[in-house]
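Please read the structure below before turning to the comments.
Number of protein chains: 2
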Amino acid sequence: MLLEELIEAFRVLPGVGRKSAQRMAYHVLERGREGGKRLATVLAEAVERIGHCAQCRDFSEDEVCAVCASGSRDRQQLCVVETPADRLAIETATGYRGVYFVLQGRLSPLDGVGPRELGLETLGTRLAAGEVSEMIIATSATVEGEATAHYLAQLARQHGVRPSRLAQGLPLGGELEYVDRGTLSHAFGTRAEMP
Amino acid sequence: MLLEELIEAFRVLPGVGRKSAQRMAYHVLERGREGGKRLATVLAEAVERIGHCAQCRDFSEDEVCAVCASGSRDRQQLCVVETPADRLAIETATGYRGVYFVLQGRLSPLDGVGPRELGLETLGTRLAAGEVSEMIIATSATVEGEATAHYLAQLARQHGVRPSRLAQGLPLGGELEYVDRGTLSHAFGTRAEMP
Numbered sequence: 001m002l003l004e005e006l007i008e009a010f011r012v013l014p015g016v017g018r019k020s021a022q023r024m025a026y027h028v029l030e031r032g033r034e035g036g037k038r039l040a041t042v043l044a045e046a047v048e049r050i051g052h053c054a055q056c057r058d059f060s061e062d063e064v065c066a067v068c069a070s071g072s073r074d075r076q077q078l079c080v081v082e083t084p085a086d087r088l089a090i091e092t093a094t095g096y097r098g099v100y101f102v103l104q105g106r107l108s109p110l111d112g113v114g115p116r117e118l119g120l121e122t123l124g125t126r127l128a129a130g131e132v133s134e135m136i137i138a139t140s141a142t143v144e145g146e147a148t149a150h151y152l153a154q155l156a157r158q159h160g161v162r163p164s165r166l167a168q169g170l171p172l173g174g175e176l177e178y179v180d181r182g183t184l185s186h187a188f189g190t191r192a193e194m195p
Numbered sequence: 001m002l003l004e005e006l007i008e009a010f011r012v013l014p015g016v017g018r019k020s021a022q023r024m025a026y027h028v029l030e031r032g033r034e035g036g037k038r039l040a041t042v043l044a045e046a047v048e049r050i051g052h053c054a055q056c057r058d059f060s061e062d063e064v065c066a067v068c069a070s071g072s073r074d075r076q077q078l079c080v081v082e083t084p085a086d087r088l089a090i091e092t093a094t095g096y097r098g099v100y101f102v103l104q105g106r107l108s109p110l111d112g113v114g115p116r117e118l119g120l121e122t123l124g125t126r127l128a129a130g131e132v133s134e135m136i137i138a139t140s141a142t143v144e145g146e147a148t149a150h151y152l153a154q155l156a157r158q159h160g161v162r163p164s165r166l167a168q169g170l171p172l173g174g175e176l177e178y179v180d181r182g183t184l185s186h187a188f189g190t191r192a193e194m195p
């Protein structure tokens, strides 16, 4: 049955179980046929045509993505992130004008994710070219993210590139009471003198 | 940009905002290309081919749906539900062997949903044919659902059909403490003598 197939097909989406998939199928059929048709078309095209940028490994329709191809970005700063979503978050929230490198993951030997899977050979070649002076390591603040950051920092130093890491501490607007213990303890320990 | 279009396209789905849409797009591109391709194909086909059953108004690929076309259902019992999801819930949870009628909504004059929009003329014609003896009204227990139920009960009686309504009370396994006041009060008022 086609409806049943549609419900099953929606389950490929993240966080979508049987119940949500059913709701999506009904919604599209009841009130969103035009949008559904459009989603089908765009999705088919995207899956077919979107690959990875040869320089930064982010998603890209072209051989080289728009940011890497842009003439107005500062190629001395290279920001390394775990995922395309992280890159987008930095691009949206900050005024960063350098370029990126997307790992598409983080070091996790137990899951079989090593330096090769993260494209660190490509990254090494790029650092060796000598154009980059600062590597901004923006991996997440998890155990695996930290391990990846250490590895990346070593790699940077090998090529005479200065590694830097995003600041850690209390989130802006965060109530002290609700901040987790680890963050609080870290922020307390690394407190800075007020000007 | 194709990726941007894909993210926008996902927003047609219910409960999917910008952030979820982005997560879906990235997920499909990173880990679900096969599933994504399949979703695109099935979705395009479903939007094109799934219409409404001429007899019960549920979704159907064919002129008449599988339940209405089945020779093994009891045509004396007609269960009226608001949505295809409701029909599916009853079909899955109960042993009901009668047939259905799907309103695809409920009476809501302020939103411009009257008897015509709910296909009540078709329903009336069906009751007039004399085959149905009991109309099980399974609209929801909301104000609008109740109003719809009353209207349906009148329609049934006009055609000499016995209307019935799903029982209301404490949900099975529900702790008294957590049941809402309305339900508790109703269940208390309609308490039944124990055998």
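As you go down the protein sequences, you meet chains V and P in turn.
Counting in full-length UniProt numbering, the first sequence runs from 1 upward without gaps.
Counting in full-length UniProt numbering, the second sequence runs from 1 upward without gaps.
Here a beta-carbon is modelled for each residue, glycine too, at the ideal position from N, C-alpha and C.
Source: prediction; values computed, not measured.
{"Asked": "Classify Gly36/V as helix, strand or coil using the three-state DSSP reduction.", "Found": "helix"}
{"Asked": "Could you check which residue in Phe59/P, Gly71/P, Pro195/P has the C-alpha nearest to that of Glu82/P?", "Found": "Phe59/P"}
{"Asked": "Counting only beta-carbon atoms, is Phe59/P nearer than 8 Å to chain V?", "Found": "yes"}
{"Asked": "Which residues does DSSP pair with Gly51/V in a beta bridge?", "Found": "Ser60/V"}
{"Asked": "Contact between the segment 36-51 of chain P and the segment 85-103 of chain V: three or more CB pairs below 8 Å?", "Found": "no"}
{"Asked": "With C-beta atoms as the reference, is Val161/P less than 8 Å away from Leu127/P?", "Found": "yes"}
{"Asked": "Examine chain P for any beta-carbon lying closer than 8 Å to the beta-carbon of Gln55/V, and answer yes or no.", "Found": "no"}
{"Asked": "Check whether the Cβ of Glu117/V lies closer than 7 Å to any heavy atom of the ligand HEM, and answer yes or no.", "Found": "Among the ligands in the structure shown, none appear at all, so the ligand HEM cannot be discussed."}
{"Asked": "Return the bridge partner residues of Val99/V from the DSSP annotation.", "Found": "Leu78/V"}
{"Asked": "Going along chain P in order, which residues have a C-beta closer than 7 Å to the C-beta of Glu5/V?", "Found": "Val42"}
{"Asked": "Is Phe10/P closer than 8 Å to Met24/P when the C-beta atoms are compared?", "Found": "yes"}
{"Asked": "Taking the C-alpha atoms as reference points, what is the distance between Glu63/V and Leu6/P?", "Found": "19 Å"}
{"Asked": "Residues of chain P with CB under 8 Å from Thr45/V, in chain order?", "Found": "A small fix is needed here, since residue 45/V is Glu in this sequence, not Thr. Within 8 Å Cβ-Cβ: Leu2."}
{"Asked": "Below 8 Å, how does it come out for the segment 181-188 of chain V and the segment 149-159 of chain V: are there three or more Cβ pairs, yes or no?", "Found": "no"}
{"Asked": "If you measure beta-carbon to beta-carbon, which residues of the UniProt domain \"Toprim\" (76-171) of chain P are closer than 8 Å to chain C?", "Found": "Absent from the structure is chain C; the protein chains it does hold are V and P."}
{"Asked": "Based on DSSP bridge pairs, tell me the residues matched to Met194/V.", "Found": "Paired residue(s): none; Met194/V is not in a bridge."}
{"Asked": "Quick one: is Arg18/V near chain P, going by C-beta distance under 8 Å?", "Found": "no"}
{"Asked": "Put Ser164/P into one of helix, strand or coil per three-state DSSP.", "Found": "strand"}
{"Asked": "Quick one: grab the DSSP three-state call for Met24/P.", "Found": "helix"}
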